[in-house]
Each structure stands twice: as structure tokens, then as C-alpha cells.
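S.K.:
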Amino acid sequence: MKQKLEDIQRMALAEIDAAGDLKNLDDTRVKYLGRKGALTDILRGLAHVTPEERPVLGQLANDVKDIISTRIEARLRVLEEQASAQKTQSDSLDLSLPGRRPRKGHLHLVSQITEEVVDIFTELGFQVASGPEIETEYYNFDSLNISPDHPARDSHDTFHVRPGIVLRTHTSPVQMRVMEKMPPPVAVVVPGKVYRVDYDASHSPMFNQVEALLVDKQVSFADLKGTLLFLAHRLFGKNTKVRFRPSFFPFTEPSAEIDISCTVCGGSGCRVCKNSGWLEIGGCGMVHPEVFRYAKYDYENFTGYALGMGLDRIAMLKHRVNNIHLFFENDVRFLEQF
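With positions in the sequence shown counted from 1, the corresponding number in this note's numbering is that position plus 720.
Next up, the structure:
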């Protein structure tokens, strides 16, 4: 048995030193020190030797086990260092490779137009306001003098979340939310997303609007006209003309549609403007006294104007984009042009 222990030690140490990777080393450990390993069999066999030989052979077997275990631990450290060095080398940065420049991003076209419009209004002294996109019918309709039987409340125009709650159809509800919190004078501009049941080349179920509200003493329609003329010249150029067509909105009186001279033909008439020379950009008017009554404003001493425009439509007109859905399709070939 003593000779057998010496042979096990010699073979085990040779195989440990020859182990080329962690798996080979672990296989050698199991072969000699595992539950069914060669040295384990020797230790189990000590029960069959004479009582006089048992202590000597037991001590020798333990010594062999310690020597093999120590050599395995030493070889394990070496192999782990080699594996770590190989991984570091494989993961290292090859500075000889040519560099790849990251593509530069930029603001979406609608975001650019939004910032441009808001900047123009803030130059005029307006403050930026915002409100929830999921809105109550009170703020979206009732407080804006939109009657219960108005067709805009129907499901073919408005997305209803649940009874009394809708996706806002315009940014006008923010007007009331602001007026409830602030006494006049008030001057706010409200950009944001709005939702309507509509879908074609020039309409989307979700689109972007900007609202402006000015309330003070002696605010007139002339102030509204001057603001819109300033805005049109800044957005589309100083030669742009603006006209007002009489219209009706429940929350303004008088009310008007806003047209600008066609950005394609300059007003001479083309297919884009249907040979009229004009393009519609939004609606406006003087704030209705009923709206002031909801806001608890003194409509005898204060007047105001409100205007609303589609930011996507402004972007389409300014950059001659013929389909609103291009703004939402995320086609890089389209987006990188702006």
C-alpha cells in the first residue's frame, strides 16, 4: 500500500503540472481526490490493514493528499492568471483600427418648429404653460362654452377615455386652467399634443398645437392682428401676407380663420393652395364673455384674444412637406434633411 500511495502521488503531480486549462485540472482533482478517486479508495482501504500499520499508512495517505491539494491550488492560480490575461488581451482596444464617428442627432422637425414658435411668443412677453393631455369634459368643452349637443363631443371627433374624461382635442383647456389660478393680466403660450379622430394625408389622430392667450384691459382685435402678422413674418418671411376670414368658435367672439399667402407660389396660385393663393394655418378670436364668466374674470373691464395653430401644419407649410405622417414614421432619410 505504501508503494501504491507513492505511485499515486507521482502520477497525480505529473498530471497536475501537465494540465493545460481549468477543466483538465478539475478532472485531475476528481480523478485522485474525488469521492471515487484513487486516493479516496486507499483511505477507505485502511480499515482492512493491521492496527499496527494503520497509523503509519493513514499519516502517509494524508500527507499525499495534502501534497496533491497544495499542487492543485498552485496550478489553479497559474491557470486563472493565464485565462485572465487572455481575456484582457481579447477585450483590449485595438488602436490600429480606423475610428467610426458616431452619427450626430438633432431635434425633430416638429420640435424645432415648436421651439421657434415659443421663442417668438416669449420675445413678446408670453409665459409658457402646459396642462394634462387626458382632460375632463369640463375643461375641454364646458368651460370653453362648447354646448352639450355640440358635434365636437361625439365619438367620431373625440377620443373618450371614460364618461367625463377625454383625450384633449385642443390645447385650449389650458387657458381655463391658467385663468383659474392667475388674475389678469395674463399672457401665456401653450404648446402640446392633442388628439382627434381623424386620419388622412394632412391629418393625424395625434398632432401638435400651440395656443396663445392674452388678457388685459383694452386688448383689441388689432392687437391680435399685430401679433399674428409678427409671427407670420418671423416664421415664413417678411413678404408673407396674413388675412382673416370670419368663422365661428364657441369660445371666441368675433372669431376668424387665419390664412397666410401660399409659401409655394407666393400668392399667385398653385396646386398646393388650390389656386387661391392662400393657406390656412389656424383659428383665432376675442375671448368669449362666457369663458371669462367661467374663469370668474370681470369681462366688463378685461378683454382678451386667443389663437391656436397646428405646429405640424406650420412645419408642413414652411418646409413643403406633403404628408403629415412623415413626421411620425421615424424614417431617417426624411428626418436627416432637417
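Beta carbons are placed, not taken as given, at the ideal position from N, Cα and C, and that holds for glycine. Since we're looking at a predicted model, the values are computed, not measured.
Taking the alpha-carbon of Gly1030 as reference, which of Phe927, Phe956, Lys961 and Leu999 has the nearest alpha-carbon?
M.R.: Gly1030 has its Cα closest to that of Phe927, out of Phe927, Phe956, Lys961 and Leu999.
S.K.: Just to confirm before moving on: does the CB-CB distance between Phe846 and Val908 stay below 9 Å?
M.R.: Contact flag set, yes.
S.K.: Per DSSP, Ala1071 is paired with what?
M.R.: The requested residue 1071 does not occur in the structure, where the chain is confined to residues 721 to 1058.
S.K.: Let me check understanding here. Comparing Cα to Cα, which of Val750, Pro883, Leu934 and Thr878 lies closest to Tyr919?
M.R.: Closest option to Tyr919, Cα to Cα, is Thr878.
S.K.: Identify the continuous alpha helix (DSSP H) that holds Thr808 and give its terminal residues.
M.R.: It spans Glu773 to Asp811 - the alpha helix (DSSP H) in which Thr808 sits, taken as one unbroken run.
S.K.: Indicate whether the contact test is met: 3 or more Cβ pairs, each with one atom in the segment 980 to 989 and one in the segment 1030 to 1046, closer than 8 Å.
M.R.: These segments touch.
S.K.: Can you say whether Gly912 is buried or exposed, counting buried as having 16 or more other CB atoms within 10 angstroms of its CB?
M.R.: Classification of Gly912: buried, given that the 10 Å Cβ count is 16 or more.
S.K.: Taking the beta strand (DSSP E) that Ile854 belongs to, which residues open and close that run?
M.R.: Counting along the chain, the beta strand (DSSP E) containing Ile854 begins and ends at Ile854 to Thr856.
S.K.: Mapping the DSSP letters down to three states, classify Gln1057 as helix, strand or coil.
M.R.: In this structure, Gln1057 counts as coil in the three-state DSSP scheme.
S.K.: Whose C-beta lies closer than 7 Å to the C-beta of Leu780 among residues of the same chain, with five residues either side of it excluded?
M.R.: So the list reads Lys722 and Leu725, once near-sequence residues are dropped.
S.K.: So what does Gln847 bridge to, in DSSP terms?
M.R.: In the DSSP output, where bridge partners are listed per residue, Gln847 has Val908.
S.K.: Given that a residue counts as buried once 16 or more other Cβ atoms are within 10 Å of its Cβ, and exposed if not, what is Ser816?
M.R.: Exposed, by the Cβ-count rule.
S.K.: So the beta strand (DSSP E) Thr972 belongs to, where does it begin and stop?
M.R.: From DSSP, the beta strand (DSSP E) with Thr972 extends over Thr972 to Ser981.
S.K.: Skipping 5 residues on each side, what residues in its chain have a beta carbon closer than 8 Å to that of Ile885?
M.R.: Closer than 8 Å at the Cβ level, and outside the excluded window around Ile885, lie Ile854, Glu855, Thr856 and Glu857.
S.K.: Report the option in Gly1002, Gly987 and Arg916 whose CA atom is closest to the CA atom of Leu948.
M.R.: Leu948 has its Cα closest to that of Gly1002, out of Gly1002, Gly987 and Arg916.
S.K.: Ile787 to Gly819, Cα distance in whole Å?
M.R.: For Ile787 and Gly819, the distance between alpha carbons rounds to 53 Å.
S.K.: Whose C-beta lies closer than 6 Å to the C-beta of Leu933 among residues of the same chain, with five residues either side of it excluded?
M.R.: Result list for Leu933: Gln895, Val908 and Ala1026, in chain order.
S.K.: Along the chain, where does the beta strand (DSSP E) that runs through His880 open and close?
M.R.: Start and end: His880 to Arg882.
S.K.: Looking at Val830 and Asp1032, is the spacing between their C-beta atoms short of 9 Å?
M.R.: Result yes, Cβ atoms of Asp1032 and Val830 sit closer than 9 Å.
S.K.: Are the CB atoms of Thr842 and Gln938 within a distance shorter than 9 Å?
M.R.: No, Cβ-Cβ distance for Gln938 and Thr842 is not below 9 Å.
S.K.: Look at His1113 and Ser924 and say whether their C-beta atoms are less than 9 Å apart.
M.R.: Absent from the structure is residue 1113, since the part of the chain shown begins at 721 and ends at 1058.
S.K.: Output the distance between the C-alpha atoms of Asn865 and Phe971, rounded to the nearest integer angstrom.
M.R.: So the alpha carbons of these two residues sit roughly 6 Å apart.
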